[in-house]
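Since the structure comes first, as structure tokens, the remarks are kept for the end.
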Amino acid sequence: MTNNVADHHPGNSVAEGNHEGDFGCSMVELRNLMELRSAEAVARLNDSYGSVQNVCKRLKTSPVEGLSGNPTDLEKRRQVFGQNFIPPKKAKTFLQLVWEALQDVTLIILEIAAIVSLGLSFYHPPGGDNELCGQSAGGVEDEGESQAGWIEGAAILFSVIIVVLVTAFNDWSKEKQFRGLQSRIEQEQKFTVIRKGQVIQIPVAEIVVGDIAQIKYGDLLPADGILIQGNDLKIDESSLTGESDQVKKSLEKDPMLLSGTHVMEGSGRMVVTAVGINSQTGIIFTLLGAGEGDEEKKVKKAKTQDGVALEIQPLKSQEGVENEEKEKKKVKVPKKEKSVLQGKLTRLAVQIGKAGLIMSAITVIILVLYFVIDTFGVQRRPWLAECTPIYIQYFVKFFIIGVTVLVVAVPEGLPLAVTISLAYSVKKMMKDNNLVRHLDACETMGNATAICSDKTGTLTMNRMTVVQAYVGDTHYRQIPDPEAILPKTLDLIVNGVSINSAYTSKILPPEKEGGLPRQVGNKTECALLGFVLDLKQDYQAVRNEVPEEKLYKVYTFNSVRKSMSTVLKNSNGGFRMYSKGASEIILRKCTKILDKNGDPRVFKVKDRDEMVKKVIEPMACHGLRTICLAFRDFPADAEPDWDSENEILSDLTCIAVVGIEDPVRPEVPDAILKCQRAGITVRMVTGDNINTARAIATKCGILLPGEDFLCLEGKEFNRLIRNEKGEVEQEQLDKIWPKLRVLARSSPTDKHTLVKGIIDSTIGDQRQVVAVTGDGTNDGPALKKADVGFAMGIAGTDVAKEASDIILTDDNFTSIVKAVMWGRNVYDSISKFLQFQLTVNVVAVIVAFTGACITQDSPLKAVQMLWVNLIMDTFASLALATEPPCESLLLRKPYGRNKPLISRTMMKNILGHAVYQLAIIFTLLFAGERFFDIDSGRNAPLHSPPTEHYTIVFNTFVMMQLFNEINARKIHGERNVFEAIYRNPIFCSVVLGTFAAQILIVEFGGKPFSCSGLTLSQWFWCIFIGVGELLWGQLICTVPTSHLKFLKEAGHGITKEEIPEEELPEDVDEIDHAEMELRRGQILWFRGLNRIQTQMDVVYTFQTGASSLQGALRRQPSIVSQHHDVKNVSSPTHVALSSVNSTPTTSAVAAAAASPPAGNQSGECVP
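Residue 128 is where the sequence shown starts when you use the working numbering, and the numbers rise one by one after that.
As structure tokens, this is what we get:
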């Protein structure tokens, strides 16, 4: 097979591109051409255009020089053929988000209650003043006061509006941030094109039809094109065709390259023929409904191979909308949920919601019964028709009290706290060189127990330099003098390096004076090119003499070959092949070696072993990477069979072996030490020689002297973990991974096997959470499998970035440590908020409940409750969720999957503070009027003016919450709650702002807030009682948690025990425990649907504004059917999901489903 080279037409130079007049082919023609595949495409190309060269001619571009880069020409191309940009789906408008926030069940109940109460307050029946109606009209009501009945209803409506606006604004800013992030990821994506004969990198969006693009291993093709010249090119087209086999591309067989596909091997050049919405990927998006979503452009169908359907960012309201003519069904495919936190939160929220529902129901029942028995039983009054509205008004008041109890019980602020905390962290992590692609990765990282890191570029600087060489029987400990090497050997070295390396690898002059030369392209090749320059030779001259078109055949580097070879045709008809690669691999194929006279002599196995011992091992023990250069000549008589690679790559002659140094990054050993202190095991997985790997691991501190750890080579690793059939055995793997620290000479499959083995392992008390770094195309599977995948921003290929959760913009290991710190901080922030929120909830619910039962009226009015619960919580979530992380977070072990959100210490704090607050409030409620010498506010009739007594109760309650917010800053029982408070300006401003607002409400709130102004001394008492919270907090710290055995933890993750054994399928590959629970939970879930509708608000808020799933779901063999499987549930009934608010998290849904007897969806079973 000859190399696909097409001859050039020098006549078709750049100048031609400047002519006016249309191009030789229209957009539609090119579009139709690109829809063909393989033989058909070749036939059409030859019939309609003659050859690729003619396509270039018609597009007025040169296959060698590229476009002129003239702005008018580029603009014209954009007008004729379109831009390389797929328009994103329109963002939701603010009004849409407001509408979504209004769907919240609790808010709807409040709205209804408020409207009913408003309606009744305006209705004055004729017999309303009848004494027979009981004390309902009594009290000191003058005309003006009785007219003020509408205020409460209006105030509730007003506060609902505020809550809705806050929620909508939050969703809106989240969406905006996300789009910003997305566009940043897109701007960073550049592609190599040739313009004016210069190879330049331009942003993908600037590529135009007619550009000549250089493609190489690891690229994600940004546009459709036709191959002009290719070496050993293999493409993964699964994202378009679903075929997982790699497709070989060549001029004769299949020259069509499609956008959105991945280059898995080889390199080449193509002429761009379709961009943006006219490219194959663009056409699909247009079909999916006007370029759906910038994210989906990134979403690769390849995910389905992993058992994960289209992966959509979890915190983003974006549905894959399939436009069906008859019925438009909206389907939201959840990302396979790995987030530990969201699972725990959903379970907790559902539990709290249930408790609140029960409490509020009991409150209403008690109030109604008490009123009815008291009025009609004890006072024996008849039910008069004209009294009906007044009685109804009472019932509405009771209903409103019940709803407020529910409102207070449900932690509305929780989803907000999660969102704010994650969004804030993501924004700040940007500064720490972490570009987070999936929000939940940020929090999962805090639980990480293991990091499997690459060596090159992550632990080392990825600045390779040749420091030793073995040439002509001599081992040079530093770069040899060019004079010392024979000219013919030198010539072989220069040609072997210059020609047999990607022409995209080069060394450019330094950017700053006195800086190091810049290395562009493959760093190992750059080291070899640098070696040529050190030998005072010029590689560019050799490349100019042998341009890429003259290369006869190229075997490009890939992870299986671990070598690269290039064949040239000699003038006499023979061939010469240059090879380079890992020394132990190439030396095995060498039968000769050049001696000190530059002549080949026989190289036996014995010689090879000696050379390994004397040259390669010493180099490797210094942490050097050894590369062998070799060549082979083929005679002119018969052309060899280029496809039988093993025969071609044998009988080589070794020219030289070089040792390449890649120094360890100076900050890495410290970062690894931090990880080890934080209970995270760092493992190094590398393709390098085991000695090199061991040397570097020791320098980094991964291997500590005197400890019993394993360093294995990929082969040995596989031998130990696989059975005779070659299948991986988990028990064998479990014996190895806990001690394994270095895996050398590993293939990408080994990396995936290791990661999967650690994640699936059941030894140890909890499942491991694994983070993986990767940069190569072949790291994709391991990155996807890991709990958190880090891709390298600089050295990483597009494929790796695609599969990752976080992109390290500086390729540095220390950034991973920062990610761990931020992840733990997110977790702690949410715990802090929970500690604060639940104290408020417990106290408010008990006060409202007992107060209502004893005094027939909640001491905290509906509007006051809303102020405390919704507004203060919103701000508290802002304050506590934005605490900056500190180094001390890295001094504790990871929490793990089943550690509850609310630890016993936190439970102690919550209950302890609740006791203090309840004691104070009940004292004030039943004895406050005597203490302050004011009128009692108890048993006040309907519509009576607000009393000082109840205002003091409300004010004290708020003051206590305010000071307890400061206590909530610490969750591990630390004493100093003010520590570093000045580092968080948001916290300080929220506390002061809430205080100021409280003063305004009490002094000027009047009737709407049921407040009357207080004197200065009363204010001081309220504040004094509030400050008591801080002192009480110190007292609580003194009580050791270990003595309080009765305290329960809450908010567990899903533990292994809860999953029945027999339900574990054979292929547990990608199935999360949450999914298992789901199948069990389905039956329960329909049973419980209607009972739990009220809780939906909790679960709904996790959705981050996802729209409802309308209609039945389409059956497809993806995760969707596992998530919302509504096939016949154990009886032949047809189940339709009416308005199902789908949560974005599998585990969130499952968690709710798993807490019998009910799920968390609203919908009906229709027979």
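Backbone N, C-alpha and C define an ideal beta-carbon position, used for all residues, glycine too.
**Asked** The beta strand (DSSP E) spanning phenylalanine 249 covers which residue range?
**Response** Indexing the sequence shown from 1 puts residue 249 at position 122. Where phenylalanine 249 is concerned, there is no enclosing beta strand (DSSP E), given that its DSSP letter is neither H nor E.
**Request:** Reducing DSSP to helix, strand and coil, say where proline 727 ends up.
**Result:** Here residue 727 refers to the residue found at position 600 of the sequence shown. Here proline 727 sits in strand by DSSP.
**Prompt:** If you draw a straight line from the alpha carbon of glutamate 1106 to that of phenylalanine 960, how long is it in whole angstroms?
**Reply:** On the sequence shown, position 979 is the one that residue 1106 refers to. On the sequence shown, position 833 is the one that residue 960 refers to. Taking the straight line from one Cα to the other gives about 17 Å.
**C-beta atoms of leucine 354 and lysine 375 nearer than 7 Å** = The count along the sequence shown starts at 1 and reaches residue 354 at position 227. The count along the sequence shown starts at 1 and reaches residue 375 at position 248. Their beta carbons are not under 7 Å apart, which means leucine 354 does not touch lysine 375 by this criterion.
**Asked** So, are the CB atoms of alanine 241 and alanine 295 less than 7 Å apart?
**Response** Counted from its first residue, the sequence shown places residue 241 at position 114. Counted from its first residue, the sequence shown places residue 295 at position 168. Going by C-beta atoms, alanine 241 is not nearer than 7 Å to alanine 295.
**Asked** Can you name, in chain order, every residue of its own chain whose Cβ lies under 8 Å from the Cβ of isoleucine 1113, other than the five neighbours on each side?
**Response** As a working note, residue 1113 is residue 986 in the sequence shown. The answer, listed in chain order, is Leu1005, Ala1006, Thr1009.
**Message:** What would DSSP say about aspartate 363, mapped onto helix, strand or coil?
**Reply:** Working through the sequence shown from its first residue, we reach residue 363 at position 236. The answer is strand: DSSP assigns aspartate 363 an E or B state.
**Message:** Within a Cβ cutoff of 6 Å, which residues of the same chain sit near isoleucine 492, ignoring the five residues on either side of it in sequence?
**Reply:** As a working mapping, residue 492 is identified with position 365 in the sequence shown. No residues qualify anywhere along the chain.
**Item:** 6 Å Cβ shell around valine 969 - same chain, five flanking residues per side excluded
**Value:** Position 842 of the sequence shown, counting from 1, holds the residue named residue 969. Answer for valine 969: Ala1041, listed in chain order.
**Request:** Could you give the DSSP three-state label for valine 335: helix, strand or coil?
**Result:** Working through the sequence shown from its first residue, we reach residue 335 at position 208. Three-state result, valine 335: coil.
**Message:** Taking DSSP's pairing of strands, which residues face isoleucine 934 in a bridge?
**Reply:** Along the sequence shown, read from residue 1 onward, the residue named residue 934 stands at position 807. Leu562, Ala918, per the DSSP bridge assignment.
**Prompt:** In angstroms, rounded to a whole number, what distance separates the CA positions of lysine 1172 and proline 1027?
**Reply:** Stepping through the sequence shown from its first residue, residue 1172 is reached at position 1045. Stepping through the sequence shown from its first residue, residue 1027 is reached at position 900. Rounded to whole angstroms, lysine 1172 to proline 1027 spans 16 Å at the Cα level.
**Prompt:** Is the segment 187-205 close to the segment 332-342, with three or more CB pairs under 8 Å?
**Reply:** yes
**Among Ile775, Pro727, Val669, Tyr521, nearest to cysteine 781 - alpha-carbon criterion** = For this step, residue 781 is matched to residue 654 along the sequence shown. Comparing Cα-Cα distances from cysteine 781 to each of Ile775, Pro727, Val669, Tyr521, the minimum goes to Pro727.
**Asked** What's the call for valine 882, buried or exposed, on a 16-neighbour Cβ count within 10 Å?
**Response** One-based indexing of the sequence shown puts residue 882 at position 755. Buried, because 16 or more other Cβ atoms sit within 10 Å of the Cβ of valine 882.
**Prompt:** In its own chain, which residues sit with a C-beta less than 7 Å from the C-beta of proline 1079, not counting the 5 before and 5 after it?
**Reply:** Locating residue 1079 in the sequence shown gives position 952, where the first residue counts as 1. The sequence given here places isoleucine at residue 1079; proline does not occur at that position. Cβ neighbours of isoleucine 1079 beyond the five flanking positions: Leu1051, Gly1055, Phe1059, Leu1141, Gln1145, Cys1149.
**Request:** Closer than 6 Å by C-beta to proline 908: which residues in its own chain qualify, once you throw out the five before and the five after it? Chain order, please.
**Result:** Here residue 908 is taken as the residue at index 781 of the sequence shown, counted from 1. These residues qualify, in order along the chain: His879.
**Prompt:** Can you tell me whether serine 777 is buried or exposed, with buried defined as 16 or more other CB within 10 angstroms of its CB?
**Reply:** Here residue 777 refers to the residue found at position 650 of the sequence shown. The residue in question, serine 777, is exposed, as its Cβ has fewer than 16 Cβ neighbours within 10 Å.
**Prompt:** If you count every other CB in all the chains shown that lies within 10 Å of the CB of alanine 763, and 16 or more means buried, which is it?
**Reply:** Locating residue 763 in the sequence shown gives position 636, counting from the first residue. So alanine 763 ends up on the exposed side.
**Prompt:** To the nearest angstrom, how far is it from the Cα of cysteine 802 to the Cα of aspartate 914?
**Reply:** Position 675 of the sequence shown holds residue 802. Position 787 of the sequence shown holds residue 914. Going by the C-alpha atoms only, they are around 17 Å apart.
**Prompt:** Contact between the segment 612-620 and the segment 545-553: three or more CB pairs below 8 Å?
**Reply:** no
**Prompt:** By DSSP, does cysteine 838 sit in helix, in strand, or in coil?
**Reply:** Locating residue 838 in the sequence shown gives position 711, counting from the first residue. Reduced to three states, the DSSP call for cysteine 838 is strand.
**Item:** Where the alpha helix (DSSP H) through lysine 1297 begins and ends
**Value:** Only positions 128 to 1294 of the chain appear in this structure, which leaves residue 1297 out of reach.
**Request:** Going by CA-CA distance only, name the one from Ile712, Thr408, Ile943, His389 that's closest to proline 214.
**Result:** Residue numbering aside, residue 214 sits at position 87 when the sequence shown is read from its first letter. Among Ile712, Thr408, Ile943, His389, the Cα nearest to that of proline 214 belongs to Thr408.
**Asked** Under the DSSP definition of a beta bridge, which residues are partnered with serine 175?
**Response** Numbered from its first residue, the sequence shown carries residue 175 at position 48. According to DSSP, which records beta bridges pairwise, serine 175 is partnered with nothing at all.
**Asked** In three-state terms, what does DSSP make of alanine 757?
**Response** The residue you call residue 757 lines up with position 630 of the sequence shown. Correct three-state label for alanine 757: strand.
**Message:** Output needed for threonine 651: all residues of its chain with C-beta closer than 8 Å, excluding positions within five of it in sequence on either side, in chain order.
**Reply:** Indexing the sequence shown from 1 puts residue 651 at position 524. Closer than 8 Å at the Cβ level, and outside the excluded window around threonine 651, lie Met591, Arg752, Ile754, Ile787.
**Asked** Within the chosen definition, does the segment 844-861 reach the segment 825-836 through at least 3 CB pairs nearer than 8 Å?
**Response** no
**Message:** With three or more C-beta pairs closer than 8 Å as the rule, is the segment 791-800 touching the segment 759-774?
**Reply:** no
**Message:** Can you tell me which residues form a DSSP beta bridge with isoleucine 519?
**Reply:** For the purposes of this step, residue 519 is taken as the residue at position 392 of the sequence shown. Isoleucine 519 is not bridged to any residue.
**Cβ separation of valine 812 and cysteine 579, assumed to be a contact under 8 Å, to the nearest whole Å** = For the purposes of this step, residue 812 is identified with residue 685 of the sequence shown, where counting begins at 1. For the purposes of this step, residue 579 is identified with residue 452 of the sequence shown, where counting begins at 1. Going by Cβ atoms, the distance from valine 812 to cysteine 579 rounds to 5 Å, so yes, they are a contact pair.
**Touching by the beta-carbon criterion (3+ pairs, under 8 Å), the segment 723-742 and the segment 644-662** = no
**Request:** Could you name the residues that DSSP lists as bridge partners for cysteine 717?
**Result:** Reading the sequence shown from its first residue, position 590 is the one you call residue 717. Beta-bridge pairing links cysteine 717 to Leu779.
**Request:** Report buried or exposed for aspartate 179, applying the criterion of at least 16 other Cβ atoms within 10 angstroms of its Cβ.
**Result:** Within the sequence shown, residue 179 is the residue found at index 52, counting from 1. It should be noted that the sequence gives valine, not aspartate, for residue 179. With 16 or more other Cβ atoms within 10 Å, it is buried.
**Message:** Buried or exposed, going by whether 16 or more other CB atoms sit within 10 Å of the CB of threonine 199?
**Reply:** On the sequence shown, position 72 is the one that residue 199 refers to. The residue is exposed, with fewer than 16 neighbouring Cβ atoms inside 10 Å.
**Prompt:** Would you report the Cα separation of valine 390 and alanine 946, rounded to the nearest angstrom?
**Reply:** Taking the sequence shown and counting its residues from 1, the one referred to as residue 390 is at position 263. Taking the sequence shown and counting its residues from 1, the one referred to as residue 946 is at position 819. One C-alpha to the other measures close to 30 Å.
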